[in-house]
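In my numbering, the protein residues as written are 508 to 835.
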């Protein structure tokens with residue numbers, strides 16, 4: 508193997524809780540730029556290590572250290588799992604810890620999609636000093652226009668997601684009688700029919716308006732003004748989290764000091780297609796142009812912003828045709 512692996516490394520948070528991370532380093536000793544992925548889906552699963560743009564071996568082979576961390580209350584990490592709430596401070600503390608390691612050269616990037624995309628913005632909101640760039644893919648975060656309420660109506664699909672990420676490891680949604688669950692009223696006790704009282708589901712139902720609970724994790728105009736980072740934004744036309752992805756992109760190009768360092772890729776993809784693009788979706792063939800090499804784009808992006816590689820910048824410029832937005 509051409510890399511060193513360290514599993515279940517405990518990273519202390521400010522409140523004493525320790526979060527578990529797996530760390531992959533180039534075998535040759537030295538200081539490297541670091542790519543951080545924070546996930547609620549179990550860092551040890553094959554799909555978290557080698558799937559589409561999340562290809563750990565690929566990045567390590569190209570001169571990066573990679574850290575994959577279970578978020579609080581999930582997988583091997585300590586603490587209580589409460590989606591979205593702790594990710595800002597936990598992300599900040601993790602980045603600070605990484606920056607102090609002798610294998611880190613001080614430049615740290617975050618990447619990942621969906622919830623892994625959201626955690627990047629939660630951390631960026633607090634301006635961790637060594638966070639250098641992000642690749643935000645299909646990031647959730649436009650509360651009440653995306654999730655858990657869609658234009659004011661609660662999204663019942665969020666109960667399925669909360670079940671999937673219930674407990675310490677991912678649950679199998681295919682063994683649930685969803686017809687029975689989704690026809691149940693009142694909504695508050697729908698989780699009981701599923702077979703598990705879900706505290707977070709009940710908390711979300713109790714906060715049915717954009718109150719302080721949601722505002723505490725919503726990025727504001729002032730937050731965007733403080734985030735001075737180059738960001739590659741990726742979303743799909745048919746991605747359920749497109750509202751969140753576009754919220755972050757629009758906020759950055761409107762308010763951020765780094766507005767001219769925001770790049771957007773949007774294609775004919777669903778949620779999964781934002782990591783592994785397909786040419787056919789819903790029986791419609793969008794042609795070979797819909798299948799783009801996002802892994803290569805990720806590498807170019809990291810090579811430029813983390814290694815100052817001008818050749819990578821040229822490749823990025825050619826990919827975007829001289830602009831900063833690519834769609835189909």
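Each residue gets a CB set at the ideal place from its N, CA and C atoms; glycine is no exception.
Count the other C-beta atoms from every protein chain shown that fall within 10 angstroms of the C-beta of residue 639, then say buried if there are 16 or more, exposed otherwise. Residue 639 sits at position 132 when you count from the first residue of the chain shown. Buried, since its Cβ has 16 or more Cβ neighbours within 10 Å.
Distance between residue 829 and residue 516 (C-alpha atoms, nearest Å): As a working note, residue 516 is residue 9 in the chain shown. As a working note, residue 829 is residue 322 in the chain shown. If you take the alpha carbons of residue 516 and residue 829, they lie about 42 Å apart.
What are the boundary residues of the beta strand (DSSP E) that residue 519 is part of? For the purposes of this step, residue 519 is taken as the residue at position 12 of the chain shown. Per DSSP, residue 519 belongs to the beta strand (DSSP E) from 510–519.
Am I right that residue 547 and residue 581 are in contact with their C-beta atoms under 8 Å? What's the rounded C-beta distance? Translated into the one-based positions of the chain shown, residue 547 becomes position 40. Translated into the one-based positions of the chain shown, residue 581 becomes position 74. Yes, they are in contact, since the Cβ atoms of residue 547 and residue 581 sit about 5 Å apart, within 8 Å.
Just to confirm my understanding: we take residue 768, look at its own chain, exclude 5 residues before and 5 after, and list those with CB closer than 8 Å. What are they? As a position in the chain shown, residue 768 is number 261, starting the count at 1. Taking C-beta separations shorter than 8 Å and ignoring five residues to either side along the sequence, the partners of residue 768 in its chain run 736, 737 and 738, following chain order.
For the segment 590–605 against the segment 551–567, do three or more pairs of beta-carbon atoms, one drawn from each stretch, fall closer than 8 Å, so that the two count as touching? Three or more beta-carbon pairs separated by less than 8 Å are not found between the segment 590–605 and the segment 551–567, which leaves the two stretches without contact.
So the alpha helix (DSSP H) residue 805 belongs to, where does it begin and stop? Taking the chain shown and counting its residues from 1, the one referred to as residue 805 is at position 298. Per DSSP, residue 805 belongs to the alpha helix (DSSP H) from 801–814.
Could you check what DSSP says for residue 561 in three-state terms: helix, strand or coil? Here the question's residue 561 lines up with position 54 in the chain shown. Per DSSP, reduced to three states, the secondary structure at residue 561 is strand.
Out of curiosity, what's the CA-to-CA distance linking residue 533 and residue 614? Here residue 533 corresponds to residue number 26 of the chain shown, with the count starting at 1. Here residue 614 corresponds to residue number 107 of the chain shown, with the count starting at 1. Each residue's alpha carbon lies about 16 Å from the other.
Rounded C-alpha distance that separates residue 681 from residue 670: Here residue 681 refers to the residue found at position 174 of the chain shown. Here residue 670 refers to the residue found at position 163 of the chain shown. One C-alpha to the other measures close to 11 Å.
Euclidean distance between Cα positions of residue 765 and residue 576: By 1-based counting over the chain shown, the position of residue 765 is 258. By 1-based counting over the chain shown, the position of residue 576 is 69. Answer to the nearest angstrom: the Cα atoms are 27 Å apart.
Would you kindly check if the distance between the Cβ of residue 642 and the Cβ of residue 618 is under 8 Å? Indexing the chain shown from 1 puts residue 618 at position 111. Indexing the chain shown from 1 puts residue 642 at position 135. For residue 618 and residue 642, yes; Cβs fall inside 8 Å.
Measure how close the beta-carbons of residue 781 and residue 648 come, nearest whole angstrom, since I'm counting them as under 8 Å. In the chain shown, residue 781 corresponds to position 274, counting from 1. In the chain shown, residue 648 corresponds to position 141, counting from 1. So it is not a contact: roughly 15 Å between Cβ atoms.
Taking the C-alpha atoms as reference points, what is the distance between residue 653 and residue 835? As a working mapping, residue 653 is identified with position 146 in the chain shown. As a working mapping, residue 835 is identified with position 328 in the chain shown. Their Cα atoms are separated by approximately 23 Å.
Is residue 734 helix, strand or coil when you go by DSSP? Within the chain shown, residue 734 is the residue found at index 227, counting from 1. Coil.
As assigned by DSSP and simplified to three states, the class of residue 834: Within the chain shown, residue 834 is the residue found at index 327, counting from 1. Residue 834 falls in the coil class under three-state DSSP.
According to DSSP, simplified to helix, strand and coil, what is residue 624? Here residue 624 is taken as the residue at index 117 of the chain shown, counted from 1. The three-state secondary structure of residue 624, taken from DSSP, is helix.
Closer than 8 Å, CB to CB, is residue 827 near chain B or not? Any reference to chain B falls outside this structure, which holds one protein chain only.
Could you tell me which of 522, 526, 525 and 531 sits nearest to residue 509, measuring between CA atoms? Here residue 509 refers to the residue found at position 2 of the chain shown. Comparing Cα-Cα distances from residue 509 to each of 522, 526, 525 and 531, the minimum goes to 531.
Given residue 734 as reference, the closest of 535, 628, 720 and 610 once Cα atoms are compared: Residue 734 sits at position 227 when you count from the first residue of the chain shown. Among 535, 628, 720 and 610, the Cα nearest to that of residue 734 belongs to 628.
Just to check my reading of the structure: residue 833 and residue 827 have Cβ atoms closer than 8 Å, yes? What is that Cβ distance to the nearest angstrom? What you label residue 833 is simply residue 326 of the chain shown in a count that begins at 1. What you label residue 827 is simply residue 320 of the chain shown in a count that begins at 1. Contact holds; Cβ gap of about 5 Å.
Tell me whether residue 554 sits in a helix, a strand or coil according to DSSP, three-state version. Residue numbering aside, residue 554 sits at position 47 when the chain shown is read from its first letter. Residue state, collapsed to three classes: helix.
Looking only at C-alpha atoms, which of 747, 599, 663 and 743 sits nearest to residue 635? Here residue 635 is taken as the residue at index 128 of the chain shown, counted from 1. Between residue 635 and the set 747, 599, 663 and 743, the nearest pair of CA atoms involves 599.
Since I believe residue 610 is in contact with residue 572 (beta carbons under 8 Å), could you give me their beta-carbon distance rounded to a whole number of angstroms? Your numbering for residue 572 matches position 65 in the chain shown. Your numbering for residue 610 matches position 103 in the chain shown. That belief holds up - the Cβ atoms of residue 572 and residue 610 are roughly 6 Å apart, short of 8 Å.
Residue range of the alpha helix (DSSP H) that residue 698 falls in? Stepping through the chain shown from its first residue, residue 698 is reached at position 191. Segment 697–701, the alpha helix (DSSP H) holding residue 698.
Cβ atoms of residue 774 and residue 743: under 8 Å apart, would you say? Position 236 of the chain shown holds residue 743. Position 267 of the chain shown holds residue 774. Going by C-beta atoms, residue 743 is nearer than 8 Å to residue 774.
Which ranges does the beta strand (DSSP E) cover as unbroken runs of at least 3 residues, wholly within the segment 723–777, from first to last along the chain? If we require 3 residues or more, the beta strand (DSSP E) runs fully inside the segment 723–777 come out as 738–743 and 769–774.
Less than 8 Å separating the beta-carbons of residue 623 and residue 675? Here residue 623 refers to the residue found at position 116 when the chain shown is read from its first residue. Here residue 675 refers to the residue found at position 168 when the chain shown is read from its first residue. Going by C-beta atoms, residue 623 is not nearer than 8 Å to residue 675.
Do residue 687 and residue 704 count as a contact pair if the criterion is CB distance below 8 Å? Along the chain shown, one-based indexing puts residue 704 at 197. Along the chain shown, one-based indexing puts residue 687 at 180. Not in contact: residue 704 and residue 687 (Cβ atoms no closer than 8 Å).
If you drop the 5 nearest sequence neighbours on each side, which residues of the same chain put their C-beta closer than 7 Å to that of residue 562? Along the chain shown, one-based indexing puts residue 562 at 55. Here residue 562 has 802 as same chain residues with Cβ atoms under 7 Å from its own Cβ, once five neighbours each way along the sequence are excluded.
Relative to the C-alpha of residue 579, which residue among 549, 813, 748 and 608 is closest? By 1-based counting over the chain shown, the position of residue 579 is 72. Ranking 549, 813, 748 and 608 by Cα distance to residue 579 puts 549 first.
Extent of the continuous beta strand (DSSP E) to which residue 573 belongs: As a working mapping, residue 573 is identified with position 66 in the chain shown. Looking at the DSSP string, the run of the beta strand (DSSP E) that includes residue 573 is 572–577.
Quick one: residues in its chain with C-beta nearer than 6 Å to the C-beta of residue 892, no 5 flanking neighbours on either side, listed in chain order? The requested residue 892 is not part of the displayed model; the chain covers only 508 to 835.
Coarse secondary structure for residue 605, derived from DSSP in three states: Here residue 605 refers to the residue found at position 98 when the chain shown is read from its first residue. DSSP places residue 605 in helix when its eight states are reduced to three.
For residue 697, collect the residues of the same chain with a Cβ closer than 7 Å to its Cβ; drop the 5 residues on either side in sequence, then sort them by chain order. As a working note, residue 697 is residue 190 in the chain shown. So the qualifying residues of the chain are 666, 688 and 691.
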